[in-house]
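Student: Under our numbering, the first residue of the sequence shown is numbered 4, with each subsequent residue one higher.
Here a beta-carbon is modelled for each residue, glycine too, at the ideal position from N, C-alpha and C.
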Amino acid sequence: MPAAWQTVGWMVRPAAFLARLHERFGEPVTIRTLWMEEPMVLFSSPEAVREVFRLDPAVAPAGQSWEFLRPFAGAHSILVLDGEEHLRERRLIQTPFHGERMRGFEPTVAELARRELGVWSGRVRTLERMKHLTLEIILRIVFGARDEREVTELRDAVHATLDGVRSMPRMLAMSLVQRDLGPRSPWGRFRLAVERFDALLLDVVARRRAEPGGDSMLALLLEQRDEDGNRPTDRHLRDQLVALLAAGHDTSAASLAWAFERLARHPAVHARLGDGDAAYLDAVVKEVLRVRPALTVAPRKLLRPVRIAGRVLPAGVHVAACLWLALRREDLWPQAAAFRPERWLEGPPPNPMSWIPFGGGVRRCAGAPFAEMEMREVLRAAADLRIRPARPEPERARRSALVVTPHRGGEVVVG
Ligand code: HEM
């Protein structure tokens with residue numbers, strides 16, 4: 004197929020496109036889209052996925068795939084770094100995600116979720132509402148925003164900047180022509196929005212430095228010390244906050260919208276959530292992430308030829324663990340397309356290289372424990388909500404910027 008057609012399939016019908024590819028060509032399969040100059044080779048069997056995740060970052064960096072985010076993400080961002088620098092940054096940014104600390108954030112997430120769901124009635128586009136909620140959670144817990152004024156200011160600034168980054172075609176076009184053609188040009192407007200956002204963020208950082216304490220991730224990040232005992236600079240903290248925002252906002256919102264899309268069509272599963280069984284709640288979260296993962300690939304760009312699953316791939320191509328296909332393989336997941344949380348409670352646990360909604364290896368999602376906790380708390384709050392689908396047929400998967408979302412926005416009727 005010409006690249007333009009593949010791009011349409013990739014964007015508009017990603018699930019059907021990937022399923023057709025797998026059916027017709029098996030593994031591996033090479034795709035060409037207009038988003039990347041080079042072809043991308045997709046693997047999905049556990050053995051090949053393990054090999055992809057174990058590739059040496061010096062040979063197969065991942066940061067280069069996010070290069071277009073650099074103007075917003077910043078030079079210290081974990082997203083664009085590779086090798087030693089990436090590992091150093093990863094050690095720092097993961098501190099707030101450890102067990103005890105993570106549990107400390109649960110009550111706030113639960114309260115914000117209850118407040119959000121408490122006002123739902125009639126037709127609700129859950130994707131929109133989950134974008135609102137996950138941003139509120141990030142602003143309060145990650146950024147440590149303390150009052151309505153701080154939340155509102157930051158929310159407005161996030162919209163002004165992220166709306167520019169979210170539009171992939173716009174972002175790509177802008178990064179190709181990074182010329183400031185005045186404050187009215189797209190790049191000029193974007194730069195101005197980032198500057199305003201940065202000024203606000205640096206202000207929040209200064210306030211938290213001045214009055215330490217509190218239980219936000221920013222408070223924990225402020226305690227970081229590098230190998231020489233140095234404190235993080237304001238710029239570095241800014242890049243860490245932006246990385247957590249860029250990686251953790253749309254992904255969580257999409258996964259939660261899919262949870263509502265699936266629950267509305269599986270009333271028995273929803274009813275069982277009401278029993279308060281923690282193992283079942285966890286199984287529902289895992290099954291949503293399996294059957295509707297928010298991201299479809301974890302790509303790495305090859306700088307040298309490598310051998311994967313017995314095939315030599317040339318330098319210059321992208322190689323990817325295809326999360327979507329791995330999570331949908333019939334040989335690993337009987338009745339793979341069915342939404343069946345029970346599968347997590349029966350039988351042996353799945354191969355860790357087949358349940359990979361968070362990617363793997365040294366780039367595995369740094370926020371995975373937070374994302375799962377957030378989903379558990381929102382679904383716990385949704386257990387007694389009366390919902391039904393606005394239309395009976397399942398919603399199709401569609402790509403919106405980088406994440407896969409339900410094409411009608413996860414529309415449900417409440418009440
Ligand atoms: C359900 C929601 C989420 C999903 C499905 C998800 C998935 C992913 C995936 C697939 C990757 C790339 C892995 C790879 O290339 O192998 C990633 C990276 C990352 N995620 Fe998440 N994520 C989610 C939520 C979050 C949250 C809430 C945060 C933080 C608050 C977060 C922070 C990060 C960071 C910092 C990285 C970069 C890690 C690195 O490059 O070392 N994510 N995520």
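1) Taking the alpha-carbon of PRO110 as reference, which of LEU223, TRP336, ASP218 has the nearest alpha-carbon?
2) CB-CB under 7 Å to LEU223, same chain, minus the five flanking residues each way: which ones, in chain order?
3) How long is the line joining the alpha carbons of VAL416 and ALA260, rounded to whole angstroms?
4) My assumption, with CB atoms under 8 Å, is that VAL245 sits in contact with ALA76. Please give the rounded CB distance.
5) Rounded to the nearest angstrom, what separates ARG1 and VAL291 at their Cα positions?
6) DSSP state of LEU248, grouped into three classes?
7) Going by C-alpha to C-alpha distance, which of SER357, PRO409, LEU84, GLY147 sits closest to ALA256?
8) Using the C-alpha atoms, what's the distance from ASP280 back to THR299?
9) In this structure, does DSSP put LEU45 in helix, strand or coil?
10) Check whether the Cβ atoms of VAL322 and ARG303 sit closer than 7 Å, and answer yes or no.
11) Quick check on this structure: which residue in ALA262, THR236, VAL407 has the alpha carbon closest to the alpha carbon of GLU377?
12) Let me know the secondary structure DSSP gives ILE34 once reduced to three states.
13) For PRO409, does the three-state DSSP call read helix, strand or coil?
14) Any chance the CB of PRO235 is under 6 Å from a heavy atom of ligand 1?
15) Quick check on GLN338: buried or exposed, where buried means 16 or more other Cβ atoms within 10 Å of its Cβ?
16) Which of the three DSSP states is assigned to PRO352 in this structure?
17) Can you give the Cα-Cα distance for PRO372 and ARG194, rounded to whole angstroms?
18) Taking Cβ to Cβ, would you say ALA148 is nearer than 7 Å to GLU380?
19) Is GLY362 close to ligand 1? I mean its beta-carbon at under 6 Å from any heavy atom of the ligand.
20) Under 8 Å by Cβ, that's how I've got ALA369 and ILE96 pegged, so tell me the actual separation to the nearest angstrom.
21) Residues in its own chain within less than 6 Å of VAL294 by CB, not counting five upstream and five downstream?
22) For the alpha helix (DSSP H) that contains ILE144, what are its first and last residues?
23) Should LEU298 be listed as close to ligand 1, given that the test is whether its C-beta is under 6 Å from any heavy atom?
24) Quick check on this structure: which residue in LEU72, PHE20, LEU84 has the alpha carbon closest to the alpha carbon of ASP166?
25) How far does the alpha helix (DSSP H) with GLY102 in it extend, from its first residue to its last?
26) My assumption, with CB atoms under 8 Å, is that VAL62 sits in contact with LEU305. Please give the rounded CB distance.
27) Output yes or no for whether 7 Å exceeds the beta carbon distance between PRO215 and GLN227.
28) Identify whether ARG332 lies in helix, strand or coil by the three-state DSSP scheme.
29) With a Cβ-Cβ cutoff of 7 Å, do GLU40 and GLY319 count as a contact?
30) If you follow the beta strand (DSSP E) that ILE390 is part of, which residue opens it and which one closes it?
31) For VAL44 and ARG402, I'd like the C-alpha separation in whole angstroms.
32) If you measure from the CB of SER357, is any heavy atom of ligand 1 nearer than 6 Å?
33) Compute the minimum distance between the beta carbon of THR254 and the heavy atoms of ligand 2, and state whether it is under 6 Å.
34) So, with DSSP's three-state summary, where would you put ALA369?
35) Please list the segments of the beta strand (DSSP E) lying wholly inside the region 45-82, counting only runs of 3 or more residues, in order along the chain.
36) Would you check if the distance between the CB atom of VAL52 and the CB atom of ALA340 is smaller than 7 Å?
Tutor: To lay it out plainly:
1) ASP218 is the residue among LEU223, TRP336, ASP218 whose C-alpha sits nearest the C-alpha of PRO110.
2) Result list for LEU223: THR98, PRO99, ARG104, in chain order.
3) Straight-line Cα distance between these residues: approximately 13 Å.
4) Contact annotation, VAL245 with ALA76: C-beta distance approximately 6 Å; criterion of less than 8 Å satisfied.
5) Past the boundaries of the shown model lies residue 1; the chain is included only from 4 to 418, so the question cannot be answered.
6) Helix.
7) The shortest Cα separation from ALA256 among SER357, PRO409, LEU84, GLY147 belongs to PRO409.
8) When rounded, the distance between both Cα atoms is 30 Å.
9) Judged by DSSP in its simplified three-state form, LEU45 adopts strand.
10) In contact: VAL322 and ARG303 (Cβ atoms closer than 7 Å).
11) The residue with the shortest Cα to Cα distance from GLU377 is ALA262.
12) Strand at ILE34.
13) In the structure shown, PRO409 sits in a strand (DSSP, three-state: E or B).
14) Within the chosen limit of 6 Å, ligand 1 does not reach the beta carbon of PRO235 with any heavy atom.
15) GLN338 sits exposed, since fewer than 16 C-beta atoms from the chains shown fall within 10 Å of its C-beta.
16) In this structure, PRO352 counts as coil in the three-state DSSP scheme.
17) Near 33 Å, if we compare the C-alpha coordinates of ARG194 and PRO372.
18) No, the pair does not count as a contact, with Cβ atoms beyond the cut-off.
19) At least one heavy atom of ligand 1 lies less than 6 Å from the C-beta of GLY362.
20) Contact flag correct, Cβ pair sits at about 6 Å.
21) Within the same chain, PHE342 come within 6 Å of VAL294 by CB-CB distance, once the 5 residues on both sides are set aside.
22) First-last for ILE144: undefined, no H or E at that position.
23) Yes, Cβ of LEU298 sits closer than 6 Å to a heavy atom of ligand 1.
24) Nearest to ASP166 by C-alpha distance, out of LEU72, PHE20, LEU84, is LEU72.
25) Per DSSP, GLY102 belongs to the alpha helix (DSSP H) from 102-120.
26) That belief holds up - the Cβ atoms of VAL62 and LEU305 are roughly 7 Å apart, short of 8 Å.
27) No. Outside cutoff.
28) Assignment of ARG332 by DSSP, reduced to helix, strand and coil, places it in the coil class.
29) In this structure, GLY319 does not lie closer than 7 Å to GLU40 by Cβ.
30) For ILE390, the enclosing beta strand (DSSP E) has its first and last residue at 390-392.
31) Distance between the alpha carbons of VAL44 and ARG402 is about 19 Å.
32) Not so, every heavy atom of ligand 1 lies at least 6 Å from the Cβ.
33) With respect to small molecules bound, the structure shown includes ligand 1 and not ligand 2.
34) Of the three classes helix, strand and coil, the one that applies to ALA369 here is coil, per DSSP.
35) Counting only runs of 3 or more, we get nothing.
36) It is not a contact, given that the beta carbons lie outside the stated cut-off.
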